[in-house]
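Number of protein chains: 2
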Amino acid sequence: MKQVAASVGEVATVLKLLGDKTRLTIMALLDHNDCCVCELVEIFQMSQPAISQHLRKLKDAGLVKETRKSQWIFYSINKEHEMYSLIKNILAHIPDQQEKLKELEEKGTRILCE
Amino acid sequence: MKQVAASVGEVATVLKLLGDKTRLTIMALLDHNDCCVCELVEIFQMSQPAISQHLRKLKDAGLVKETRKSQWIFYSINKEHEMYSLIKNILAHIPDQQEKLKELEEKGTRILCE
DNA sequence: TGCTTATATAATTATATTGTTATATGATAA
DNA sequence: TTATCATATAACAATATAATTATATAAGCA
Chain A
43 MKQVAASVGE VATVLKLLGD KTRLTIMALL DHNDCCVCEL VEIFQMSQPA
93 ISQHLRKLKD AGLVKETRKS QWIFYSINKE HEMYSLIKNI LAHIPDQQEK
143 LKELEEKGTR ILCE
Chain B
43 MKQVAASVGE VATVLKLLGD KTRLTIMALL DHNDCCVCEL VEIFQMSQPA
93 ISQHLRKLKD AGLVKETRKS QWIFYSINKE HEMYSLIKNI LAHIPDQQEK
143 LKELEEKGTR ILCE
């Protein structure tokens, strides 16, 4: 099961970022669907700046990417990240979070830009 | 690659514990060899209480076990931990740490109780 | 018993983290 | 242009974390 070895410090940095329930759940959501900030605010019932700050940490580490689509900014997983395979391994250990997005769809607050 | 799913909170707690360079390296060392506190103190060039406190966090979470062998207390990985497979996955992503123990052996400060 | 070694715990300090509120920025729409 | 919506940033407060020093505990040995 040996993989490409990043440095201990680099791995610790990623684990610390994912060692927060909110950020870990965000990553689990983004792993299957891009989301904009306001959707995450609604899902987590948390202030918009709190979500923005979590996203910034993830973005600064290169774990997520952002794309503006008119008035919204969509965040997505950066599959090119050096440690993406580690992240996939970790996400495989947590329950599926997609039902949270389904609830938004049912409430009509899911935002889809095409 | 789907595994048994622990709760998001449980996984986040483990990741936060491993999201510290010292603790992550301790886990990597213990994954191959049991170690006593004084060996870790020497390896990390850190105060004994600092090491003890890291070990206590790992022990409180059930990630490691301790066994007294006369005057020393040896720590070992708890392979029965619910998230041991996740931990193995993570450790597979960092470089081997065993050379640190080899250095102790060469200096004659490795402690082996049989 | 009293001394030494190994480890744990308590108290403290410095720093980091996470959330909140207030404000700024940037895009869209009237 | 002005108002509005989505998001980011700044300032701040509360809490958590990690290290240090000092002290306690527990085992082994003279």
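Residue numbers (this note's numbering), protein chains in the order written: chain A, 43 to 156; chain B, 43 to 156.
For every residue, glycine included, the Cβ atom is placed at its ideal position computed from N, Cα and C.
Neighbours of residue 106 of chain A across chain B, judged by C-beta separation under 8 Å, do not exist; the nearest C-beta is about 17 Å away.
Taking the Cα of residue 100 of chain B as reference, the smallest distance to any Cα among B/154, B/57 and B/149 is reached at B/57. The CB of residue 120 of chain B never comes closer than 8 Å to any CB in chain A; the least such distance is about 17 Å.
With respect to chain B, the C-beta atom of residue 92 of chain A has no partner C-beta closer than 8 Å.
For residue 64 of chain B, the uninterrupted alpha helix (DSSP H) segment begins and ends at 63 to 72. The beta carbon of residue 107 of chain B sits closer than 6 Å to the beta carbons of 118 and 120 from its chain, once the five residues preceding and following it are set aside; these are given in chain order.
The C-beta of residue 70 of chain A has 16 or more other C-beta atoms within 10 Å across all chains shown, which makes the residue buried. Under the criterion of beta carbons closer than 8 Å, residue 135 of chain A and residue 66 of chain B do not qualify as touching, at roughly 17 Å. Contacts with chain B at 8 Å (Cβ-Cβ) include residue 67 of chain A. Among the residues facing chain A, residue 153 of chain B is not included, as its CB has no counterpart in that chain under 8 Å away. Pairing residue 53 of chain B with residue 125 of chain B gives a Cβ-Cβ distance under 8 Å.
Around residue 128 of chain B, the beta-carbon contacts reaching into chain A at under 9 Å are 131, 132, 134 and 135. With a minimum length of 3 residues, the unbroken runs of beta strand (DSSP E) contained wholly in the stretch 89 to 137 of chain B fall at 106 to 111 and 114 to 119. Residue environment for residue 97 of chain A: buried (at least 16 other C-beta atoms within 10 angstroms of its C-beta). Taking CB atoms only, residue 73 of chain B has no neighbour in chain A less than 8 Å away. Excluding five sequence positions before and after residue 93 of chain B, the CB atoms of its chain that fall closer than 7 Å to its own CB belong to 79, 82, 83 and 86, given in chain order. Ranked by Cα distance from residue 123 of chain B, the options B/64, B/62 and B/73 are led by B/73.
Residue-level contact check: residue 82 of chain A does not touch chain B, since none of the beta carbons of chain B fall below 8 Å from its beta carbon.
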